[in-house]
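In what follows, a single structure is set out as structure tokens and then discussed.
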Amino acid sequence: MIALGIWQLGRGAERDRLKQAMVERPTQPVLDYPFGKAGDERYLFRRLRATCDEVTRIEVAGGKDAAGRTGWRQIATCVNRASGASFQTQIGVAERPDTVVEWDGGVIEGLAAQAPDDRGFLERLSFRPSNRAAMIVASEPKAGLKASRQPDPAEYENTSWAYAGQWFFFAFTALVIYAFALRRRWRERA
């Protein structure tokens, strides 16, 4: 348990460095969407740009608009013909889940967030990494939708410090219980 606590301390420091990098990323120059490396965490919260040549589908998921009101995010799956790859982009927020969105594609620019996790419940229980790619959250809404709430690195929580404390607390509790057990054994022998 102590080893796990020490490991979490290391993870906490690592995650603090990652968060600092995330805070700096939105101010960096716009990058073209990194099709070959879209799942790399180094692209989260970077300003990305891509061309959507063809929209293959539009999914609906709960979310918030730029004003903080609850709505229905419209997430388009696009194909970029130059790379032959597909990517996802959140093109805006609708008030109703059954809103029909007509968008034929075009140039999209915005901050990168992780695409929704489409793994099933049992797959999530397997603890295998999700390999989610970066999704562009459009800075300008498309197809008459409301602007999406932009990803905010300040909301990225570093839970490793709390986990470290939890492991050290468990180790201390086990030590106290062990001390009581030894004390009882010594009393029985005496």
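Just so you know, the sequence shown maps onto residues 1 to 190 in UniProt numbering.
Glycine included, each C-beta is placed from N, C-alpha and C at the ideal position.
ask   = Using a Cβ-Cβ cut-off of 7 Å (strictly less than) and excluding sequence neighbours within five positions of D16, which residues of its own chain qualify?
value = Here residue 16 refers to the residue found at position 16 of the sequence shown. Within the same chain, D16 has close Cβ partners N158.
query = At what residues does the alpha helix (DSSP H) containing Q20 begin and finish?
reply = Here the question's residue 20 lines up with position 20 in the sequence shown. In this chain, the alpha helix (DSSP H) harbouring Q20 covers 2-24.
ask   = For Y178, is the classification buried or exposed, using 16 other Cβ atoms within 10 angstroms of its Cβ as the cut-off for buried?
value = Mapped onto the sequence shown, residue 178 falls at position 178. The Cβ neighbour count for Y178, taken over all protein chains shown within 10 Å, is under 16; the residue is labelled exposed.
key: L175 - containing alpha helix (DSSP H), residue span   = The residue labelled residue 175 in the question sits at position 175 within the sequence shown. For L175, the enclosing alpha helix (DSSP H) starts and ends at 160-189.
request  = Would you kindly report the start and end of the unbroken beta strand (DSSP E) that includes V93?
outcome  = Residue mapping note: residue 93 aligns to position 93 of the sequence shown, counting from 1. Counted as a single uninterrupted DSSP element, the beta strand (DSSP E) harbouring V93 occupies residues 85-94.
request  = Go ahead and label P151 buried or exposed: buried means 16 or more other beta carbons lie within 10 angstroms of its beta carbon, across all protein chains shown.
outcome  = If you number the sequence shown from 1, residue 151 lands on position 151. When all chains shown are included, P151 counts as buried.
message = Give me the residue from A181, R185, A162, F169 with the minimum Cα distance to R11.
response = Along the sequence shown, read from residue 1 onward, the residue named residue 11 stands at position 11. Answer by Cα proximity: A162.
ask   = Looking only at its own chain, which residues have a Cβ that is under 6 Å from the Cβ of D40, when we skip the five neighbours before and after it?
value = Stepping through the sequence shown from its first residue, residue 40 is reached at position 40. Around D40: no qualifying Cβ.
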